[in-house]
Structure formats: structure tokens, C-alpha cells
Amino acid sequence: MNASARPLLPKGPYLLCDDTLRPELSLGEKAARLLAGGARILQLRMKRTPPREALAAAREVVAACHRAGALCLLNDRVDLALLSGADGVHVGDEDLPPEAARELLGPARLVGVTVRNAEGARAAQAAGADYVGVGPVFGTTTKQVPAPVLGVEGFAAVVRASPLPVVGIGGVALTNIAQVAAAGAWCAAVASDALLAPDIAEQVRRLSAAFDSGLRGASLAGSP
Ligand SMILES: Cc1ncc(COP(=O)(O)OP(=O)(O)O)c(N)n1
Ligand SMILES: Cc1nc(C(=O)O)sc1CCOP(=O)(O)O
Ligand SMILES: [Mg+2]
Numbered sequence: 001m002n003a004s005a006r007p008l009l010p011k012g013p014y015l016l017c018d019d020t021l022r023p024e025l026s027l028g029e030k031a032a033r034l035l036a037g038g039a040r041i042l043q044l045r046m047k048r049t050p051p052r053e054a055l056a057a058a059r060e061v062v063a064a065c066h067r068a069g070a071l072c073l074l075n076d077r078v079d080l081a082l083l084s085g086a087d088g089v090h091v092g093d094e095d096l097p098p099e100a101a102r103e104l105l106g107p108a109r110l111v112g113v114t115v116r117n118a119e120g121a122r123a124a125q126a127a128g129a130d131y132v133g134v135g136p137v138f139g140t141t142t143k144q145v146p147a148p149v150l151g152v153e154g155f156a157a158v159v160r161a162s163p164l165p166v167v168g169i170g171g172v173a174l175t176n177i178a179q180v181a182a183a184g185a186w187c188a189a190v191a192s193d194a195l196l197a198p199d200i201a202e203q204v205r206r207l208s209a210a211f212d213s214g215l216r217g218a219s220l221a222g223s224p
């Protein structure tokens with residue numbers, strides 16, 4: 001496998017463009033607002049969109065991301081990722097296994113996998129994943145997650161032991177994204193805190209600035 005053919009995951013906020021939040025906005029409109037705020041990576045998460053609409057939305061959102069110079073991953077759906085020219089997929093326990101996603105997508109696209117601990121991260125690496133999503137870092141109402149809240153310390157312990165870059169997810173918000181960055185996250189995935197904000201683009205800008213401040217704080221803490 002030629003890993004160098006794949007795009008690199010951009011460090012910083014990782015925005016979920018989700019069909020369950022703000023249903024009065026189309027997925028294309030949500031993506032446009034996230035991208036206007038400077039989002040560099042979007043995950044299109046469609047849990048209630050019917051298949052034909054989902055394909056149209058995937059094509060629209062992937063094209064918008066690429067015009068903006070951002071990456072777009074499809075949640076769950078390898079078929080839609082291939083049909084829409086997306087940059088990859090994110091899969092969890094209820095989706096295709098990562099080996100199968102890699103087999104279908106080939107070496108040039110990203111595969112992200114949900115794991116709950118370091119052992120899961122090592123297995124994801126062996127299965128061909130590029131990064132792991134680890135959570136829930138904090139409590140969330142966006143999804144009923146079948147795993148306990150890790151907290152910042154628990155999350156940092158998984159990051160330290162993970163052989164792959166880690167995307168922290170679950171309850172990440174402007175109030176805590178700096179802590180997630182300082183704990184060593186490569187990215188911090190955000191759904192509700194961005195999409196439910198009165199000004200989505202402005203919230204993405206604030207999240208990026210706060211993530212960067214967390215990185216700077218972590219590097220100062222590590223300096224002599
Ligand atoms: C970055 C990231 N991490 C974890 C998840 C959760 O994926 P999954 O466990 O498959 O759950 P659903 O999102 O499909 O409900 C994610 N989507 N993104
Ligand atoms: C989709 C998802 N997966 C999680 C996990 O821990 O696996 S937490 C989560 C919801 C993320 O939404 P919000 O940013 O609104 O908390
Ligand atoms: Mg899934």
C-alpha cells in the first residue's frame with residue numbers, strides 16, 4: 001500500500017456535517033457555512049437522509065469542499081464515498097470493517113475508524129486505518145454512545161498509546177476544544193457546537209483559534 005498517495009489529515013477542528021442537527025438547513029447549506037468559517041475537513045454524516053438524496057448531497061458537499069480546498073469524508077458509506085469522489089470514509093463497529101473499506105477505496109483515500117482504547121487503535125492500524133476517532137471525550141446529546149465518557153485524562157492516555165493520529169469526539173465545544181488539543185489530539189471532531197451556533201462560520205473560526213491556543217499551551221508546558 002502506498003500511504004504517500006493519501007492526503008494528510010489537516011490538524012485542527014474536524015467538522016461533522018450532520019443531517020440530524022438543524023434539519024431546517026440543507027446539508028449543502030450547512031457545509032457552505034462550515035467551509036465559510038475555514039473548515040479544512042468535513043465528515044458528511046447522514047443517518048436519516050434517503051439514499052438518492054444522500055448521493056446528491058454527497059456529490060454537492062464533496063464538490064464544495066474541494067472548491068474550498070478542504071477534505072470531505074463520508075460517515076459509514078463507502079459506496080457514497082466512491083460515487084461522490086470523497087477523500088475517504090469514517091467507519092465504526094456497525095459499519096463495514098476497515099479492511100473492507102480499504103479494499104474498496106484503495107490506497108489513495110483515507111480510512112478513519114472509531115475505537116475506545118489503545119488496543120483498538122493498534123488493531124485499527126493493522127487493519128489499514130489512517131486515523132482513529134476516540135470518544136466520547138465529554139458527554140454528548142448528539143448520539144447515544146455505547147461507551148463511557150473518557151474525560152480529558154482518559155483521552156490523553158489513549159492518545160499517548162495510539163500508533164495513529166487521534167481525532168477526539170463527543171461533546172467537544174468552544175469551552176473545551178483547547179483541552180482536547182493540549183491532550184495531543186490531531187483533530188477535534190465537533191458536531192452540535194458548530195451546527196447549533198447562531199453563526200456557524202464564526203463558531204468554526206473560534207473553534208480553530210481555540211484549538212491552536214490549546215496546541216500552543218501544550219508546547220509551552222513541554223518547554224524547559
Ligand atoms: C471522527 C469520528 N470518530 C468517531 C465517530 C463515530 O463513528 P461510529 O462509531 O461509526 O458512529 P456513527 O457516527 O456512525 O454514529 C465518527 N463519526 N467520527
Ligand atoms: C457521532 C459521535 N460519535 C461519538 C463517539 O464517541 O463515538 S460521539 C458523537 C457525537 C458527536 O457530536 P457532538 O460534537 O455534538 O457531541
Ligand atoms: Mg458509523
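The opening position of the sequence shown corresponds to residue 1 in full-length UniProt numbering, with each subsequent residue numbered one higher. Beta carbons are placed, not taken as given, at the ideal position from N, Cα and C, and that holds for glycine.
Look at residue 128 here: in three-state DSSP terms it is coil, with no helix or strand label. Counting the other Cβ atoms within 10 Å of the Cβ of residue 185 gives 16 or more, which makes it buried. Residue 52 and residue 203 have their C-alpha atoms some 31 Å from each other. Between residue 218 and residue 181, the alpha-carbon positions lie close to 8 Å from each other. In the DSSP assignment, residue 40 falls outside any beta strand (DSSP E), carrying neither H nor E. An exposed status is given to residue 196, since fewer than 16 other beta-carbon atoms sit within 10 Å of its beta-carbon. Counting only beta-carbon distances shorter than 5 Å to the non-hydrogen atoms of ligand 3, the qualifying residues in chain order are 76, 92, 95. With a cutoff of 9 Å on beta-carbon distance, residue 191 and residue 18 are scored as near each other. In the three-state reduction of the DSSP assignment, residue 163 falls in the coil class.
Going by DSSP, residue 189 is part of the beta strand (DSSP E) stretching over 187-190.
Here residue 5 is exposed: its Cβ has fewer than 16 other Cβ atoms, across all protein chains shown, within 10 Å. Between residue 126 and residue 92, the alpha-carbon positions lie close to 15 Å from each other. Residue 161 counts as exposed, since fewer than 16 other beta carbons sit within 10 angstroms of its beta carbon. Here residue 193 is buried. Its C-beta has 16 or more other C-beta atoms within 10 Å. Within its own chain, the residues whose Cβ lies closer than 8 Å to the Cβ of residue 212, once the five positions on either side in sequence are excluded, are 12, 181, listed in chain order. In the structure shown, residue 12 falls within a strand segment according to DSSP collapsed to helix, strand and coil.
The closest CA to that of residue 214, considering only 163, 152, 201, 199, is found on 152. The stretch 57-70 makes no contact with the stretch 104-117: fewer than 3 CB pairs, one atom from each, lie closer than 8 Å. With 16 or more other Cβ atoms from the protein chains shown falling within 10 Å of its own Cβ, residue 27 counts as buried. Across the structure, residue 83 and residue 55 are spaced so that their CA atoms are roughly 8 Å apart. Following the DSSP letters along the chain, one finds residue 112 inside the beta strand (DSSP E) bounded by residues 110-115. Taking 8 Å as the cut-off, the C-beta of residue 37 does not count as close to any heavy atom of ligand 2. 164 is the residue among 164, 88, 100, 94 whose C-alpha sits nearest the C-alpha of residue 119. Residue environment: residue 74 is assigned as buried (16 or more neighbouring CB atoms within 10 Å of its CB, all protein chains considered).
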